[in-house]
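Following: one structure in structure tokens, then a few remarks.
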Amino acid sequence: MTRTPAPERHVLVVDDVMLNRKLVLAFLSRMGWQCHEVDGGLPALDWLASHPKPDLMLLDISMPDLDGEAVCHQVRAMPALAGLKIVAYTAHASSQDSERFLANGFDEVLIKPISMQRIKEVMHDLFGL
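Here our numbering is used: the first residue of the sequence shown is 58, the next is one more, and so on.
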């Protein structure tokens with residue numbers, strides 16, 4: 058019996074701190090994701106405009122050029138990116154912050170520092186993986 062290969066899934070990780078990007082990229086690549094990274098909100102919008110839509114975007118909230126909430130707002134206004142899952146990837150851990158992120162278009166919230174277990178939970182919630 059031959060197994061059908063799992064569909065290739067792509068993630069864009071947006072964070073201005075390289076160490077944060079490398080950690081989450083290591084976890085996701087270990088889970089079989091094709092990983093792409095940029096270091097800010099404006100580069101994220103540029104990347105999205107010039108590449109096929111990824112399945113998932115992990116989006117840091119606090120970035121110097123354009124914060125994650127503004128990026129999420131702009132992405133949600135683009136019909137070509139409808140259905141893109143966006144996860145707030147942040148150190149802002151209050152329940153009010155998380156509620157605001159979810160109310161403003163994010164699909165899930167990952168609190169830094171992250172763990173492999175928490176990423177697996179989010180992937181299960183969003184994709185059934």
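For every residue, glycine included, the Cβ atom is placed at its ideal position computed from N, Cα and C.
Keep in mind that this is a model prediction, so the values were computed, not measured.
My assumption, with CB atoms under 8 Å, is that Leu167 sits in contact with Arg175. Please give the rounded CB distance.
For the purposes of this step, residue 167 is taken as residue 110 along the sequence shown, with counting starting at 1. For the purposes of this step, residue 175 is taken as residue 118 along the sequence shown, with counting starting at 1. The pair is a contact, with the Cβ atoms about 6 Å apart (cut-off 8 Å).
Spatial distance of Pro100 from Ala148 (CA atoms):
Along the sequence shown, one-based indexing puts residue 100 at 43. Along the sequence shown, one-based indexing puts residue 148 at 91. Whole-angstrom Cα-Cα distance: 21 Å.
Classify Thr61 as buried or exposed, calling it buried when 16 or more other Cβ atoms lie within 10 Å of its own Cβ.
As a position in the sequence shown, residue 61 is number 4, starting the count at 1. With a pLDDT of only 49 at Thr61, under 50, the local geometry of the prediction cannot be trusted, and the value read off the model is given with reservation. Only exposed fits Thr61, as fewer than 16 other CB atoms lie within 10 angstroms of its CB.
Ile171 lies in the beta strand (DSSP E); which residues open and close that run?
Start at 1 with the first residue of the sequence shown, and residue 171 comes out as number 114. Counting along the chain, Ile171 sits inside no beta strand (DSSP E), nor does DSSP assign it H or E at all.
Reduced DSSP secondary structure (H/G/I, E/B, other) of Lys142
Numbered from 1 along the sequence shown, position 85 holds the residue referred to as residue 142. In the structure shown, Lys142 sits in a strand (DSSP, three-state: E or B).
Residue span of the beta strand (DSSP E) that contains Glu94, given as start and end:
As a first step, residue 94 is located in the sequence shown; it is residue number 37 there, counting from the start. Gln91 to Val95 is the extent of the beta strand (DSSP E) around Glu94.
Can you list, in chain order, the residues of its chain with a C-beta nearer than 8 Å to that of Glu65? Leave out the 5 residues immediately preceding and following it.
Here residue 65 is taken as the residue at index 8 of the sequence shown, counted from 1. Only residues of its own chain outside the window of five on either side were considered, and among them Gln91 have a CB closer than 8 Å to the CB of Glu65, listed in chain order.
Mind checking Glu165: buried by the 16 CB within 10 Å criterion, or exposed?
Taking the first residue of the sequence shown as 1, we reach residue 165 at position 108. Looking at its Cβ environment, which holds 16 or more other Cβ atoms inside 10 Å, Glu165 is buried.
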